[in-house]
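Residue numbers (the working numbering): 67 to 626.
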């Protein structure tokens, strides 16, 4: 309730500040609001979401969202943007990174500041979008030199204990980083440095079985970009990360490790052709505390090519690559992946266009069983049992045709088809139990009555899934309509959809959805909206055969 009162006061002050023209400029105390001295802009929005029903979900029955931004421009020299975001969703839990946010982003000439709950990007190998609570600064201008820095708390302390849902325990973590870029017409250089460390005394040590240890990290990267010749660019980035996985251990040789990463890209354009080459290698275990998630233990090579045809009416793009893991040759299994994709677009006229996409994946797994290696009599023993390949193919086709387009009515029809296949092949034999095929088709028709501001759309969707001995078929129509009225100040829409699922011609499940929304724009700045979603499900095999759920949302937004 305190948060609601605080945000209400902020929004109320912002609303009053948004009308400087209503203040008497003849009064000396009001001169500061003159447009040449102080100019305010921004917005505020809030929404209330309620849910009721007997669906087997743990949704909160009542959730609110409050967010907004306010920018104060002083004499055209200094910008002071404020942003905030508050919600009570998951209020019973303690998060390492809070969903509620409040931030200020002042701008003065070429300087940009970030204060509060913010995120910055330095490099994929150091600091990459991790939210922190603290301060940051950036210097960006037309000059060759650009600089950025940050300092703050990456995650707050969360004690281990019951009653906190699936949220894991966490140590308090502080971090600091800097980025320097220097760019000239023929080349550019970049250097980043990031450091983070946990406070081992911030929480009681959780059980060792959870694998949650206080860590420290020092990561850096160097990037280079070169214009070798006309229309040829080479970019390279090298990253290194020093990670201590448990700072409580006195013998650092046990927990300390350093990792490397390298990425190279070469692009060349000649005539209407564009070709690119890429290489990336990331050490096994590479990790930085400045990113939430990181892929490692991989090496890949990629090639791509693109060019237009038929006076730019058609384009084709091809790409291929190979990737493998187990770079240190220590895993019990090794995976290699081969990927090829092709995209083609053709627009013979303004009314008709086609799009075709094909992608294939082949993942080869080599299981290195020490028991089989020891007991084999010849190099050919267990050959098929130790190697298998996962195959995947995707084919998508789409076309749109405009039936009519004029000042009173627009009509179009579209068709989308897709096919997906996945299988496991052991030796030269495809396992029938692991073979799956997905077929999907969607046929749609849309009409727009321009003077009436009315849009109507109808579509029919069909999906077939064949997996082993099981055949599943899903079909259902969707009907939607939107309309604007009251001089385009008010709009309403409704969507009806129904899907029925069949297994071997026996209906197993059916779902009915009804969505309604309406909004009203008042004085070009205030927007009120209401949305309701009703879902009815009938699944005899489920724990609750018949379920109903109703979600209602009331929202208000204000822009100035």
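Cβ atoms here follow ideal geometry from the backbone N, Cα and C, with glycine treated the same way. Just so it is clear, the structure is predicted and the values come from calculations on it, not from any experiment.
- Annotation: residue 527 to residue 595 spans about 29 angstroms, alpha carbon to alpha carbon.
- Burial state of residue 303 is buried, judged by a 10 Å Cβ sphere holding 16 or more other Cβ atoms.
- By the Cβ rule, the region 597–606 counts as touching the region 571–584, because three or more pairs are nearer than 8 angstroms.
- Secondary structure note for residue 234: it is in no beta strand (DSSP E), with a DSSP letter that is neither H nor E.
- With respect to the C-alpha of residue 549, the residue from 407, 543, 542 and 558 having the closest C-alpha is 558.
- Residue 625 is bridged by DSSP to 109.
- Ranked by how close their Cα comes to the Cα of residue 227, the residues 192, 249 and 269 have 269 in first place.
- Here residue 345 is bridged, per DSSP, to 330 and 367.
- When the Cα atoms are used, residue 107 and residue 591 turn out to be separated by approximately 12 angstroms.
- 8 angstroms or more divides the Cβ of residue 172 from the Cβ of residue 610.
- Counting along the chain, the unbroken beta strand (DSSP E) around residue 558 starts and ends at 556–569.
- Judged by DSSP in its simplified three-state form, residue 355 adopts coil rather than helix or strand.
- Between residue 220 and residue 169, the CB-CB gap reaches or exceeds 8 angstroms.
- Residue 413 and residue 479 have their C-alpha atoms some 15 angstroms from each other.
- When 615, 200, 620 and 467 are compared, the shortest CA-CA separation from residue 593 is found for 620.
- Nearest in C-alpha terms to residue 329, of all of 312, 315 and 291, is 291.
- Taking the CA atoms as reference points, residue 552 sits about 52 angstroms from residue 245.
- In the DSSP secondary-structure assignment, residue 507 is bridged to 483 and 528.
- Residue 238 counts as buried, since at least 16 other C-beta atoms from the protein chains shown sit within 10 angstroms of its C-beta.
- In chain order, 188, 192, 193, 194, 196, 220, 241, 243, 260, 262, 283 and 285 place their CB closer than 8 angstroms to the CB of residue 356, counting only its own chain and leaving out the 5 sequence neighbours on each side.
- The C-beta of residue 281 has 16 or more other C-beta atoms within 10 Å across all chains shown, which makes the residue buried.
- Ranked by Cα distance from residue 334, the first of 251, 126, 299 and 616 is 299.
- Rounded to whole angstroms, the separation of the alpha carbons of residue 616 and residue 127 is 10 angstroms.
- Straight across, the Cα-Cα distance linking residue 306 with residue 136 is about 39 angstroms.
- In chain order, 117 place their CB closer than 6 angstroms to the CB of residue 125, counting only its own chain and leaving out the 5 sequence neighbours on each side.
- Non-local beta-carbon contacts of residue 213 in its own chain, meaning distances under 6 angstroms to residues more than five positions away in sequence, involve 205 and 246 in chain order.
- Contact check for residue 481 and residue 520: beta-carbon distance about 24 angstroms, past the 8 angstroms limit, so the pair fails to qualify.
- Secondary structure at residue 276: helix, using DSSP grouped into helix, strand and coil.
- In this structure, residue 350 lies near residue 393, with their beta-carbon atoms less than 8 angstroms apart.
- Annotation: residue 191 is outside any beta strand (DSSP E) and is labelled neither H nor E by DSSP.
- In this structure, residue 515 places its C-beta atom within 8 angstroms of the C-beta atom of residue 475.
- Residue 145 and residue 133 have their alpha carbons spaced roughly 19 angstroms apart.
- Apart from sequence neighbours up to five positions away, the residues of its chain that approach residue 223 with a beta-carbon distance below 7 angstroms are 236, 237, 238, 268 and 269, ordered along the chain.
- When 186, 369, 472 and 337 are compared, the shortest CA-CA separation from residue 375 is found for 337.
- Rounded to whole angstroms, the separation of the alpha carbons of residue 398 and residue 279 is 26 angstroms.
- Counted as a single uninterrupted DSSP element, the beta strand (DSSP E) harbouring residue 550 occupies residues 536–551.
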